[in-house]
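Residue numbers (the working numbering), protein chains in the order written: chain Z, 23 to 352; chain C, -13 to 162; chain W, -6 to 777.
Heads up, the thing below is written out as structure tokens.
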Amino acid sequence: MVDQFVMLALILIKLVLVFAVVLSMAAYLVLAERKILARMQLRYGPNRAGPGGMIQPMADLIKLLTKEDFIPATADRGLFLIAPGLSALTALLTFAVIPFGPTLEIFDQKLPLVICDLNIGLLYFLALSSLAGYGLALGGWASNSKYSLLGSIRGLSQLISYELAMGLSVVPVVMMAKSFSLTAIVMAQETIPFALLNPPAFLIFLISIFAESKRIPFDLPEAENELVGGFHTEYSGMRFGLFFVGEYINLVILSSMLTVLFLGGWHGPWLPGIVWFMVKVLAICFFFIWVRGSLPRLRYDQLMNFGWKVLMPLALLNVLVTGAILLGMG
Amino acid sequence: MPLLRDIKGFFPPFWVTFRNMFRKPVTVQYPEQMPELPERYRARLVLTRDPDGEERCVACHLCSGACPVDCISMQAAEAEDGRRYASWFRINFARCIFCGLCTEACPTLAIQVTSDFEISKRDPLKLVYEKDDLLVDHCGHNDEYSFYRQAGIGVAAPRGTNPSESAPVDVKDLLP
Amino acid sequence: MPTLTIDNQQVTVPDGTTVLEAAEQLGIVIPHFCYHKALGAVGACRMCAVTVVEGTFKGLKMSCLVKAEEGMVVTTDDQQSVEFRARVSEWLMLNHPHDCPVCDEGGECQLQEMTIASGHGLRRYTGKKRTYNNQQLGPFIAQEMNRCIQCYRCVRTYKDYCGGKDFGVMGSRNRVFFGRFKDGTLESDFSGNIVDACPTGVFTDKTYRFKSRYWDLQEAPSICPHCSLGCSTVPGGRYGELQRVRSSVNEKVNGFFICDRGRFGSSYVNHPERPRQATRGSWKLTVDEALQQLDVKARELINQHGPESVLLLGSNRASLETNWLLQRWAEEIGCRAPLLSAHLPRHQAAQVAAFDLADRLCSLEKVRQSDLVVAIGADPLAEAPMLGVALRQAVRSGGKVKVFDPRPVELPCDFEKQTVSPTELLDLLDGTSVESKQLVDLLRGAERPVLVAGGLMLGAGGMLRLKKIAAAASNDQRNCLVHPLLGGANSFGAALLSLPEQDDLLTRLESERIKMLVCVETDPLLEAPDNERFAKALSLLEELVVLDYLPTPLSVHANLFIPTTAPVESEGTFINNEGRQQLFAPVIKPRLPISVTGEGNHPPREFIDVAPGSDPIPSWQLFQQLLGEATDLPTLREKMKTAVPRLIDFETLQPGGVSCRVAHVDERCIYTDEIPAAPEESLQLVVTPARYGSDLLSRYSAKLQPRFTEACVQLHPQDAAARGLQDGAKVVLDTVEGPFNLTLKCNDKMAIGCALVENGPKFQQLVPGGKLSFCKVHAGMSHG
């Protein structure tokens, strides 16, 4: 009985901690992105709120909360209200299956550092990332604005196109790890990460998650200079904030997925597993920002061409080749 | 080969942005660090006085006519000595674009620009400057010119006594 | 019809056209100062130089003086002419004080334009400038002689064209001076025209001094509302205030100039007590609420007491549209047709002009071209000032002017005056008397005779008699034309809309069947005879509704008051005395002027979306609201044209555009005039409008106040002596409308057996244009 109670308490603590860490990471990622981008452009970035701008996320939050919550007169009210929540929620839920450290032993209890080790964790991730498309689609549709609609249409077709490549690129991983459980996949990389074993799959997945996160160079759904704000043009205040924060949670999730699937998760020498995991995730986040500072946006036709004519065949080929090699090796 | 060129072109931007991160930003940190303004910087407008200490503005409406955003309004009036002056003069700095066309139009050098740009306010009505707020106690850029001593109106000096004028004629004189 | 070539363009012009006018037809503007279309050319300024390449006289010539010839070749842009004009403009600028910033002409100054156009920019002459001392020329005109370029336009306007006597040119050499012999008010009633004529800022409008720049003014073509002539004007306003009026060009009517009453009589718009709020007693209402109350009350009374119980009263101040919509509303609520004038005799005279005389009416242009004008019962300077200037043009081109009138008529030209009393006037027109036959003979002898019919003095009966004289004087070759003078700006329009028979306002009011009176832009207390009877009859009413834009005494009595807009604030139509439909455009929006809301200082610092005092809406819109219609004016005009077929081309007219006369009709009025028997020792009462302030608009104009004259009764010295009265004595004028205390003035230029009083701001009780009546004048004071 006591064991079960402790177990429950631990799970709750774990949940709250993960929730807080992910949210604050998302918030400070925004600040980090603004500061790093600024420095890349020879600016300072936000440096007024708190020392070095450290409480800028708080200021932003207060600003967004106190802003007028504006709903266009012709909007589909119900859908308009749901869409941002859907977007943030699907992003948060994904974290349930991500293992962020080796199993701990506390009070004689085995405490796996994952909220729920689903045996089909990978499929869960793929399913939820598909669901994220609904936030986007509904937001754009419900706004009843041509910019929003164009933005969400672009976003949806981009998600569909690149999810295909993404899904195919993880097939070799599953084949190598012989499991859909993310913990099992990490365990399979104890000696050598899959990024080195199968670089093509790694690259395809990397590119796909850029498209999945709707960031430069694939930020067509919200291309500011064409579509005002893209699918969230009509949103203001905290509703916009939810979209915004959802995007950055998504960034953390995708970085974590890349770490888990290809970079060996928490494995690494000298340092504790959880630290290694954080370091890897943050490094990938930095890479996301760096790419944003360096690359221009693709044209829509280039995006589609690349997705369907390059990535997809490559991923298919990679599955075949990896399968053949695995078969050959027995 | 375009593919090769594309791949080659992919990496330099990363190097550029990475290098920039370790350079000193060029931003001027304004309230702590004051910008150095050029001498002819155009900011807040003032109404100057002539060397005699009188208002230079004669409310001729040329500045308001030249103003592309219609931020200047005024009403002319006549003083007892015949001087034309502005009974009220208003510049709406919330609307002003600091183009300086008014100063170029001004025939009496009354309206002039200063380099005081720190005039932002939370209440737009506080940016509506009246004549009292605009009038200064000096001549501005030019400390010599006085319109009424050049134009043939008997205001600053009796008729016909300005340096460029001869005394008023006697119309009943029949001398050739 | 010579054909000449100017700057390689060919143009054919009538004989006698100058090169300057021919170039104008091609759209080539040759710079000029002293030439003015109305004044002609004198060749004084030397600005219009052109080079004649082929022609009788070759070389550099003044284009305003050279007549166009067949085969002439002229260049305006060759080096010689361009350089000549640049030098001329430089020399005209030698003595100019360069004070444009403080000059009211700046922005609309021909000298500025021509100096820039001729390419002169920098003053090279370093000698001293000539200066003048200025004169005080009264309340209307400000002078600044230093700016003068000696083009003589002012003298030619004031003296030659308008017939003023107290202004001229003096001095010699470069000391030539334009002004009066000594300081003093300019006496002419057309003095304001030198402001328009002066190409630079020597003469400026003193009442507009330093008020606005030309480019800041809101201007629109309008029609002068002060008399029945309907001169074209361009009023200008700024910041909710009507600041000035300048003349506009209408060759059919006023030509190029206007009178001082029209020019300086516009400040009624800015009257400090002007009502701008709908009220019921002391309650403030919105206009919508007030209209609702008006509608409900009128319908309720008609249901209870029948169609007789509501009386609507239109006016000659209200536009044609308003009067027509008033009639429509009367049909809608089911009351009797509205009266369109409170002053029945005037209205009947206007009806004679609108119906019987319609095929003989002529414009002022025809008056100017006439060789014989006989004015009967007309005092042009009091009733229609610009007619005086038109008569002068007739005289200047060789015509004759003859005046039959009891009043001491003055005209700005030579004329022959026959002083006759009002009854003698009617005798003169009866067609059987010796004088009458002489008059017909005189008219028959002329080539282009015009009869000026003073509607106020003659009344409907007299006008009908005059029609017979005109018919007798006409023959197969030409008509004897008639130019009638009517009561107000839209008298003709109001007469044209109403039926030829109408009963009297007072008789109907005193019948006690009327419960509600709606006065639209009229005040019978000031604009109709027997105003004391009217004031008493007001107490019989249950409800008095007044719609007006003036602070009239009647609006104080009103149970329900609804503000309307002045003519310069709304669009509408007036039909002038000769049946010309003329449209006026809105110049400013109704609102409290900024000079009032800012109390002389800067405007208040506040954000509001409605300007204070902007409640009034045009009266035609009020009636459209009552009728539940909301059409624009063109649609309304089309409807009106269908309903009133005489308004030909009405829907195509534009403000400031071509104007057009109403069609003739075969309807005829039947009015008889009775000459009442004169009581013993009585005098015929002659009430004449004062030159300034007899119409309500100029009475409420502060600018005209210096011109208002003191009230007095005038008698011929013989009559005064017969009664033992001295000039300047306090006397009692006993009339049917009651006794009045007045000062006596003897005047030997008026008819014997008449007593003359001027209706104006200082004496408002008797209104001109009433029926023939008699009075007594005796010494002493009356009580009560």
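Here a beta-carbon is modelled for each residue, glycine too, at the ideal position from N, C-alpha and C.
- Interface annotation, residue 64 of chain Z: in contact with chain C, CB-CB separation under 8 Å.
- Annotation: the stretch 443 to 517 of chain W contains the following complete segments of the beta strand (DSSP E) (minimum length 3 residues), in chain order: 474 to 478 and 509 to 513.
- When DSSP assignments are scanned along the stretch 77 to 146 of chain C, the uninterrupted stretches of beta strand (DSSP E) that are 3 or more residues long and fall wholly within it turn out to be 97 to 99.
- Listed in chain order, the positions of the stretch 151 to 185 of chain W with a beta carbon within less than 9 Å of a beta carbon of chain C are 163, 164, 165, 166, 167, 168, 169, 170 and 172.
- If you check each beta-carbon in the stretch 116 to 129 of chain W against every beta-carbon of chain C, the ones closer than 7 Å belong to 121, 122, 123, 124, 125 and 126.
- The Cβ atoms of residue 71 of chain C and residue 52 of chain C do not sit closer than 8 Å to each other.
- Residue 119 of chain Z sits in a helix when the DSSP states are folded into three classes.
- At a beta-carbon threshold of 7 Å, none of the residues of chain Z lie near residue 14 of chain C; the nearest stands roughly 10 Å away.
- Under the DSSP assignment, residue 288 of chain W falls in the alpha helix (DSSP H) whose first and last residues are 280 to 298.
- Counting only Cβ-Cβ distances below 9 Å, residue 317 of chain Z has contacts in chain C at -4, -1 and 0, in chain order.
- Counting along the chain, the unbroken alpha helix (DSSP H) around residue 550 of chain W starts and ends at 546 to 550.
- The beta carbon of residue 11 of chain C falls within 8 Å of a beta carbon belonging to chain Z, placing the residue at that interface.
- Taking each of W:599, W:694 and W:675 in turn and checking the Cα distance to residue 255 of chain W, the smallest one comes out for W:694.
- For residue 701 of chain W, the closest of W:126, W:321 and W:258 by C-alpha to C-alpha distance is W:258.
- For a Cβ distance threshold of 8 Å, residue set 0, 3 and 4 of chain C lies close to residue 312 of chain Z, ordered along the chain.
- Within its own chain, the residues whose Cβ lies closer than 6 Å to the Cβ of residue 36 of chain C, once the five positions on either side in sequence are excluded, are 42 and 132, listed in chain order.
- Separation of the CB atoms of residue 367 of chain W and residue 445 of chain W is rounded to 7 Å, and the pair is thereby assigned contact status at 8 Å.
- Segment contact: the stretch 117 to 124 of chain W against the stretch 5 to 19 of chain W, fewer than three CB-CB distances shorter than 8 Å; contact not assigned.
- Among the residues facing chain C, residue 237 of chain Z is not included, as its CB has no counterpart in that chain under 8 Å away.
- With a cut-off of 8 Å on Cβ pairs, the stretch 305 to 312 of chain Z is in contact with the stretch 272 to 283 of chain Z, counting three or more such pairs.
- Restricting attention to C:24, C:118 and C:155, the CA atom closest to the CA of residue 102 of chain C is found in C:24.
- DSSP, read as helix, strand or coil, puts residue 71 of chain C in strand.
- Sequence-distant Cβ neighbours of residue 739 of chain W in its own chain, meaning closer than 8 Å and more than five residues away, are 707, 708, 709, 710, 713 and 720.
- Looking at the backbone, the Cα of residue 401 of chain W and that of residue 682 of chain W are separated by about 13 Å.
- For residue 240 of chain W, the uninterrupted beta strand (DSSP E) run begins and ends at 234 to 240, by DSSP.
- When Cβ-Cβ separations below 8 Å define contact, residue 7 of chain C makes contact with chain Z.
- Sorting W:490, W:471 and W:449 by C-alpha distance to the C-alpha of residue 481 of chain W places W:449 at the top.
- Every alpha helix (DSSP H) stretch that sits fully inside the stretch 247 to 296 of chain Z and reaches 4 residues is listed by chain position as 259 to 284.
- Taking a C-beta distance under 8 Å as the contact criterion, residue 241 of chain W and residue 214 of chain W qualify as a contact pair.
- If you check the CB distance, residue 97 of chain Z and residue 164 of chain Z come in under 8 Å.
- Sorting W:182, W:143, W:157 and W:342 by C-alpha distance to the C-alpha of residue 164 of chain W places W:143 at the top.
- Between the C-alpha atoms of residue 59 of chain Z and residue 315 of chain Z there is a straight-line separation of about 6 Å.
- Residue 724 of chain W sits close to residue 718 of chain W, with the two beta carbons spaced by under 8 Å.
- Spanning the alpha carbons of residue 624 of chain W and residue 635 of chain W requires a straight line of approximately 15 Å.
- For the pair residue 689 of chain W and residue 390 of chain W, the Cα-to-Cα distance works out to about 35 Å.
- Out of C:60, C:113, C:90 and C:84, the CA that lies nearest to the CA of residue 595 of chain W is found in C:60.
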